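Participant:
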Amino acid sequence: MSMKRLESRTALVTGGSRGIGAAIVRRLWSEGAKVHFTYRAAEDQAREVIASCGGAVSASALDVTDAVACEAVVDEATEKLGGLDIVVNNAGIIRDGLFLSMEDTDWAEVIETNLGGVFRICRAACRQMLMQGGGSIVNVSSIVGELGGVGQANYAASKGALNALTRSLAAELGPKGVRVNAVAPGMVRTDMTGAVRAVAAEKILERIPLGRFAEPEEIASAVAFLASDDAKYLTGQVVTVDGGLSLLGRR
Amino acid sequence: MQNEKSDILKTVTTVIAQALKVDEAQVQPGSSLIRDLGAESIDFLDIVFRLEKAFKIKIPKGELFPEKLLTDARFVQEGKVTAAGLEELKKRLSGADWTQFEKNPQVSSLGDLFTVGMIVEYLSGKLAATNR
Numbered sequence: 000m001s002m003k004r005l006e007s008r009t010a011l012v013t014g015g016s017r018g019i020g021a022a023i024v025r026r027l028w029s030e031g032a033k034v035h036f037t038y039r040a041a042e043d044q045a046r047e048v049i050a051s052c053g054g055a056v057s058a059s060a061l062d063v064t065d066a067v068a069c070e071a072v073v074d075e076a077t078e079k080l081g082g083l084d085i086v087v088n089n090a091g092i093i094r095d096g097l098f099l100s101m102e103d104t105d106w107a108e109v110i111e112t113n114l115g116g117v118f119r120i121c122r123a124a125c126r127q128m129l130m131q132g133g134g135s136i137v138n139v140s141s142i143v144g145e146l147g148g149v150g151q152a153n154y155a156a157s158k159g160a161l162n163a164l165t166r167s168l169a170a171e172l173g174p175k176g177v178r179v180n181a182v183a184p185g186m187v188r189t190d191m192t193g194a195v196r197a198v199a200a201e202k203i204l205e206r207i208p209l210g211r212f213a214e215p216e217e218i219a220s221a222v223a224f225l226a227s228d229d230a231k232y233l234t235g236q237v238v239t240v241d242g243g244l245s246l247l248g249r250r
Numbered sequence: 000m001q002n003e004k005s006d007i008l009k010t011v012t013t014v015i016a017q018a019l020k021v022d023e024a025q026v027q028p029g030s031s032l033i034r035d036l037g038a039e040s041i042d043f044l045d046i047v048f049r050l051e052k053a054f055k056i057k058i059p060k061g062e063l064f065p066e067k068l069l070t071d072a073r074f075v076q077e078g079k080v081t082a083a084g085l086e087e088l089k090k091r092l093s094g095a096d097w098t099q100f101e102k103n104p105q106v107s108s109l110g111d112l113f114t115v116g117m118i119v120e121y122l123s124g125k126l127a128a129t130n131r
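Residue numbers (numbering that gives the first Met the number 0), protein chains in the order written: chain A, 0 to 250; chain B, 0 to 131.
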């Protein structure tokens with residue numbers, strides 16, 4: 000029998016109960032990885048994800064803005080899985096609104112979750128990865144991080160900074176065998192993008208050369224590739240997975 | 000007993016060999032981490048993490064390798080460690096041999112003080128204090 004690509008690898012996925020995160024958990028598990036994921040509040044959905052993986056993955060509640068809790072989850076996952084080879088920082092939120100009416104809390108919550116959360120998880124996880132002699136981190140960014148977007152000043156800023164964080168960690172940790180990359184999805188069919196798709200589906204579709212929105216599984220496949228040894232010479236990169244949306248966006 | 004210096008040296012040797020991916024035979028008490036063993040800044044953190052695990056202790060930031068001190072204008076001026084800086088360093092790196100460094104206190108040669116033996120001295124004092 001051929002070995003699965005992520006056989007015996009250990010992985011922590013944040014924000015794994017819904018959308019892209021849930022697809023990532025299932026994909027890593029189906030490729031043979033031992034997976035622990037976190038969720039903020041959606042406990043029922045977390046249970047469904049566990050069930051969809053035959054009960055073979057585990058989960059715990061985590062607010063990634065809580066530094067102590069982030070360290071505890073990394074320790075918990077490391078102990079439970081017997082190591083930590085892969086970390087996928089997927090937990091993220093949106094608080095969309097026009098810039099001039101954006102509240103301080105809309106700004107702070109998005110930055111602290113989407114950017115600060117990755118900082119905190121990575122700091123704890125890299126310590127473990129250093130001692131193991133390496134690892135692979137994949138951050139879930141967004142094309143908005145490069146392009147910007149109306150009503151998404153906070154979200155775009157968090158993702159643009161996440162790309163910079165990705166590159167910096169890759170440069171700093173490469174000598175210790177830790178690879179750090181990001182995936183930048185375009186428009187994906189998830190709950191998070193439901194509102195935008197409801198009001199602007201046609202307009203956005205017109206700008207996607209591949210003519211449709213992404214399925215969460217199509218983002219998960221890029222994440223699994225970056226996490227695996229198939230990408231072992233790849234670090235510090237932001238891989239755009241958007242059906243070509245950003246090509247037209249720049250026209 | 001873990002606190003015997005020879006035991007400490009043995010563990011430290013293993014830890015450093017693993018962190019720096021060098022042969023244990025290369026790791027001698029007088030070896031400078033940077034000059035002889037090729038350590039870079041991130042390796043110092045790696046070594047601290049591994050020492051904490053191996054000896055089950057907590058090493059406060061900057062206690063073993065005072066990195067922040069070197070960007071402090073009170074302690075370093077024009078590439079040289081000031082008298083105040085030297086005093087501060089001596090307080091922190093009690094296990095280091097200062098005779099060579101004091102003759103020409105260039106920041107660039109400060110790395111020479113970080114030897115395997117210095118780490119053993121540090122841990123020996125630290126463990127004695129913990130077990131007291």
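We put the beta carbon where it would ideally sit given N, CA and C, even for glycine. This structure is a prediction, so every number in the text was calculated from the model and none was measured.
Is DSSP giving residue 26/A helix, strand or coil here?
Facilitator: Looking at residue 26/A - three-state DSSP - the assignment turns out to be helix.
Participant: Please confirm if residue 164/A has its CB atom under 8 Å from at least one CB of chain B.
Facilitator: Not one chain B Cβ lies under 8 Å of residue 164/A.
Participant: Report yes or no: do three or more beta-carbon pairs, one from the stretch 41–50 of chain A and one from the stretch 75–90 of chain A, lie closer than 8 Å?
Facilitator: Flag = no, the stretch 41–50 of chain A and the stretch 75–90 of chain A do not touch.
Participant: Note down the Cα distance separating residue 113/A from residue 240/A, rounded to an integer number of angstroms.
Facilitator: 19 Å
Participant: Taking all protein chains shown into account, do 16 or more other C-beta atoms lie within 10 angstroms of the C-beta of residue 258/A, making it buried, or fewer, making it exposed?
Facilitator: Residue coverage of chain A in this structure runs from 0 to 250, which leaves residue 258/A outside it and unanswerable.
Participant: With a threshold of 7 Å (Cβ to nearest heavy atom), would residue 48/B be considered close to the ligand HEM?
Facilitator: With respect to small molecules bound, the structure shown includes none, and the ligand HEM cannot be examined in it.
Participant: For residue 150/A and residue 158/A, I'd like the C-alpha separation in whole angstroms.
Facilitator: 14 Å
Participant: Residue range of the beta strand (DSSP E) that residue 178/A falls in?
Facilitator: 177–184
Participant: For the beta strand (DSSP E) that contains residue 82/B, what are its first and last residues?
Facilitator: No beta strand (DSSP E) holds residue 82/B; the alpha helix (DSSP H) holding it covers 82–91.
Participant: Taking CB distances under 8 Å as the criterion, tell me whether residue 57/B reaches chain A.
Facilitator: no
Participant: Buried or exposed for residue 249/A, please, with buried defined as at least 16 other CB atoms from any protein chain shown within 10 angstroms of its CB.
Facilitator: Interpretation of residue 249/A is limited by its pLDDT of 45, a score under 50 that renders its predicted location unreliable; no figure is taken from the coordinates.
Participant: Taking the beta strand (DSSP E) that residue 139/A belongs to, which residues open and close that run?
Facilitator: That run of the beta strand (DSSP E) goes 134–139.
Participant: With DSSP as the reference, identify every bridge partner of residue 36/A, one or two as the case may be.
Facilitator: 12/A and 58/A
Participant: Please report the Cβ distance between residue 119/B and residue 47/B, rounded to the nearest whole angstrom; I am assuming they are in contact, meaning their Cβ atoms lie under 8 Å.
Facilitator: Actually they are not in contact, since the Cβ atoms of residue 119/B and residue 47/B sit about 14 Å apart, beyond 8 Å.
Participant: Give the list of continuous beta strand (DSSP E) stretches no shorter than 3 residues that lie fully inside the stretch 113–163 of chain A.
Facilitator: The stretch 113–163 of chain A contains these whole beta strand (DSSP E) runs: 134–139.
Participant: Counting contacts by CB-CB distance shorter than 8 Å, is residue 67/B in contact with chain A?
Facilitator: no
Participant: Just the Cα atoms here: how many angstroms apart are residue 3/A and residue 222/A?
Facilitator: 16 Å
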